[in-house]
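So the structure is just underneath, and the comments pick up after that.
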Amino acid sequence: MKQPLIVTLSILTLLLSLTQYQVWAARPSTVLDGGCGCDHTHPLNVWKLDGAAANIQPGDTVCLEAGARARMRIENVHGSEQAPVTIKNCGGPVEIEEGPYGISIGLSSHLRLTGTGDPAHFYGIRAGGTVGAGDLTTNVEIDHVEVYAAGFAGFMVKTDPTCDPATWRENFTMYDVSLHDNYVHHTGSGEGFYVGFTFYNGYDISCSGQTITVYGHVIEGLKMYNNITYDTGAEGIQVGSAPVGAEIHDNVVQLYGQRPFANYQDNGIQIGAGTGGLLYNNWIQDGPGNGLIMMGQGDNVIFNNVIVNAGAYGIFCDERSDPVGTGYQFINNTIVHPALDGIRIYADLMEMNHIKNNIIVNPGSGEYVVKLNNSVPLEMANNLFAATSAAAGFVDAAAHDYHLTAVSPAVDGGLDASGFGVYVDMDGTSRPYGPAYDIGAYEFLPTLRLSGAPGDQTIQLFWELDTTLPPTATWQISYTGTPGNEPSPISGLAADQRAFTLTGLTNYELYTIELTAMVGNTAVYTDTIIIMPTDRFIYLPVILR
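In short: position in the sequence shown from 1, add 1117, done, that's our numbering.
In C-alpha cells, the structure reads:
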C-alpha cells in the first residue's frame, strides 16, 4: 500500500518543479540580432522556448544565447515545408549542464536544431543529457550537436503510444527526420541514437482498467548520416518502425554495448522490425555484441559497410515482422574478425536473400556464413572468405586500413552489383574501377608515385604504378617554369616507360612537374612534384672502418 503514495508524491514533486519552470518560461524570447541573422534570441536563464508565446513564424531564426544553461524545452514551434524554423547557437557554443535530459522538443513541426551558429565550433550545441524529439513532433532536423553523459540514450526521436489515440499509428506519422553530423559519447545504459518505436507489431497497455494493443507511429523519410557514436551503453544506433525512405549511411560506431540495460542490447547498429531502406558506408568497430543486427522488413540493401571486431556475429539477420520486400541484400561489405560467425541469417520467410561481393576475414567460429536451416532462401556469389587479413590483401589491417592492395584476390573478383543499386564504394569511388567490381567495401585504386633527382640544369624523373596500363596508354609530362630543351607538355611516351630526363632547365628555379597516364584523351592517373635543378651539391664525409 505504500508504493502508490510514493508514486503520488513523485508526481507532485514533478508538477511543482514544472510549475517553477513555467514561471521562468513566462519571460518571452526577445527579438534581437546578435550578428547571426536572428529573428529571436532565447536568453540563457529561460528554460522553455514556446513558439506560440514568442510568436515564432515559419522561416524565422531563433538564436540560443551562447554560454552555460540548464536543460531546455522547445515546444509549439511550427515552420512549414518551404520555410522551416531554425534554432541555433549564436556567439559561441551553447553548453547545457548535465542532467536527466539536455533538450526536449515536443508538439512541434518543420524545425531545425543546429549547432552551426559559430564557425569556430563544429558542435555548437553541447548537451550533458538526452536530446529528444517526441510528443507528436514531426519534420525535424538535428545536426552539429554533441551529447555526452546521458543517463540513458544520447538522442531519442519517437513518440511512444499511450492511451491517447492521438499517439496511435493510425492517427500520427512522423515525417522527414534528419539526424546528421552529431556526436554522442559516454552514454549511460542506453543507445547512442534511439530512433523510432521498437515494437512495430504492437504491444499491450492498460487503459481505464482494460488491456488494449496499441501500435506506435512509423517514420517516413528518415535520414541519418555523418554521425559519430563512441562508448555507448547499448547500441550505437537503433532504428525501428521506419518502413519508407530510410537511409542510414556514413556513420561511425565505436565501442558500442559497453553498459547495456538488458541482455542482447549490445550491438553496433540495430535495424528493428518495420524498417526498410538502405544501410551503407557505415564503420562499426569494437563491441561485445553483433556488429549489425538486421530485423527489418526485407527490402533492405546493406552495402559498403566495414564491421571490425564484433564480439558476436559480424551480421545477424532475421525477420521480425511480415516481409514487405523480397529479401535482404548484403552486398560489398567488409567483415573482419567477428568473435562468432561472419554472417548468420535466419530469414526464412523471404523470397530470396543475397550475400554477394562480401569480404569476411577470420571469424572466431570458423564459419563465414551460417543459415538457420535449409529453408532459408539464399544466393551467395563472389564472396572472399579469408583466414587472415594478409590473405585478404588489405593495405594495413593492423592500422584498420582495409583498402585493397594490387595483389588482393578481391580486386576485379566481384560481380556486377549495379542491379542492387551499388555504383560507388565507401570512399565514393565509382564501381567498377577496372574491368569488374572489386569485392568488399573498397574499390582498389592504383597508385602512381612520381619522384625526381635534381642535376645541373636537369631533373631526372622516375615513377612507379602498381597496376598494368593497356598497351595503347601513353604518358604525358607537363611542367611550369622557364622552358627547357623539351617544351611542355611532353606527350606520347610509351606505356611501359618509367623514367625521363628534363634538360636545359634553369638552375635554382622551382619547377612543378605533373605526370599523367593517358588512355585516349582521358587522364587516368596523375601525380605531381615540385623540384629545383642545381649545380651545387653538398657531400657529407663518410668514415670507413
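Ideal placement from N, C-alpha and C gives every residue a C-beta, glycine not left out.
- Beta bridge pairing from DSSP links GLU1352 with no other residue.
- Taken in chain order, the complete beta strand (DSSP E) segments of 3 residues or longer contained in the region 1428-1457 are 1432-1434, 1446-1448 and 1451-1453.
- In the structure shown, PHE1378 falls within a coil segment according to DSSP collapsed to helix, strand and coil.
- Shown here, PRO1282 sits in a helix according to DSSP, grouped into three states.
- Separation of THR1231 and VAL1211 (C-alpha to C-alpha, rounded to the nearest whole angstrom) is 11 Å.
- SER1295 is bridged by DSSP to GLU1258 and LYS1340.
- Looking at the DSSP output, VAL1541 shares a beta bridge with SER1547.
- With contacts defined as CB atoms closer than 8 Å, HIS1261 and THR1233 qualify as a contacting pair.
- Taking a contact to require three or more Cβ pairs closer than 8 Å, the region 1414-1426 and the region 1390-1405 qualify as touching.
- Exposure of ASN1602 is indicated by the presence of fewer than 16 other C-beta atoms within 10 angstroms of its C-beta.
- Looking at the backbone, the Cα of SER1608 and that of GLU1631 are separated by about 12 Å.
- Counting only the Cα atoms, PHE1502 lies some 49 Å from GLY1223.
- Burial state of VAL1264 is buried, judged by a 10 Å Cβ sphere holding 16 or more other Cβ atoms.
- Fully enclosed beta strand (DSSP E) runs of no fewer than 3 residues occupy 1616-1619, 1628-1636 and 1639-1648 of the region 1614-1658, in order along the chain.
- At a Cβ-Cβ threshold of 8 Å, PHE1561 and ILE1594 do not count as neighbours.
- Taking C-beta atoms as the reference points, LEU1582 and GLY1569 fail to come closer than 8 Å.
- The C-beta of PRO1606 has fewer than 16 other C-beta atoms within 10 Å across all chains shown, which makes the residue exposed.
- The beta carbons of GLN1414 and PHE1537 sit about 17 Å from each other, so the pair does not count as a contact at 8 Å.
- Using a Cβ distance threshold of 8 Å, ASN1256 and HIS1297 do not count as a contacting pair.
- Contact check between the region 1505-1513 and the region 1531-1548: fewer than three CB pairs, one atom from each, fall below 8 Å, which does not count as touching.
- The beta carbon of TYR1311 sits closer than 6 Å to those of ALA1270, MET1273 and GLN1355, all from its chain and outside the five residues before and after it, given in chain order.
- In this structure, the alpha-carbon of PRO1455 lies about 35 Å from that of TYR1218.
- For ALA1498, the secondary structure class from DSSP, reduced to helix, strand or coil, is strand.
- In the three-state scheme derived from DSSP, where H, G and I count as helix and E and B as strand, ALA1514 is classed as helix.
- In the structure shown, GLY1536 falls within a helical segment according to DSSP collapsed to helix, strand and coil.
- Residue pairing by DSSP places LYS1275 opposite no residue, since no beta bridge is assigned to it.
- Taking the Cα positions, LEU1521 is about 11 Å away from ASP1529.
- Secondary structure at SER1221: strand, using DSSP grouped into helix, strand and coil.
- Assignment of ALA1185 by DSSP, reduced to helix, strand and coil, places it in the strand class.
- Looking from the CA of LEU1627, the closest CA among TYR1596, PHE1654, ASP1293 and VAL1641 belongs to TYR1596.
- Between the alpha carbons of LEU1619 and THR1633 lies a gap of roughly 16 Å.
- Between THR1254 and VAL1301, the beta carbon gap of about 19 Å keeps them out of contact (Cβ cut-off 8 Å).
- Excluding sequence positions up to five before and after SER1525, its CB lies within less than 6 Å of the CB of GLY1510, all in the same chain and listed in chain order.
- Residue pairing by DSSP places ASP1321 opposite THR1330 in a beta bridge.
- Taking C-beta atoms as the reference points, LYS1488 and ILE1462 count as a pair closer than 8 Å.
- Across the structure, ASN1299 and ASP1533 are spaced so that their CA atoms are roughly 34 Å apart.
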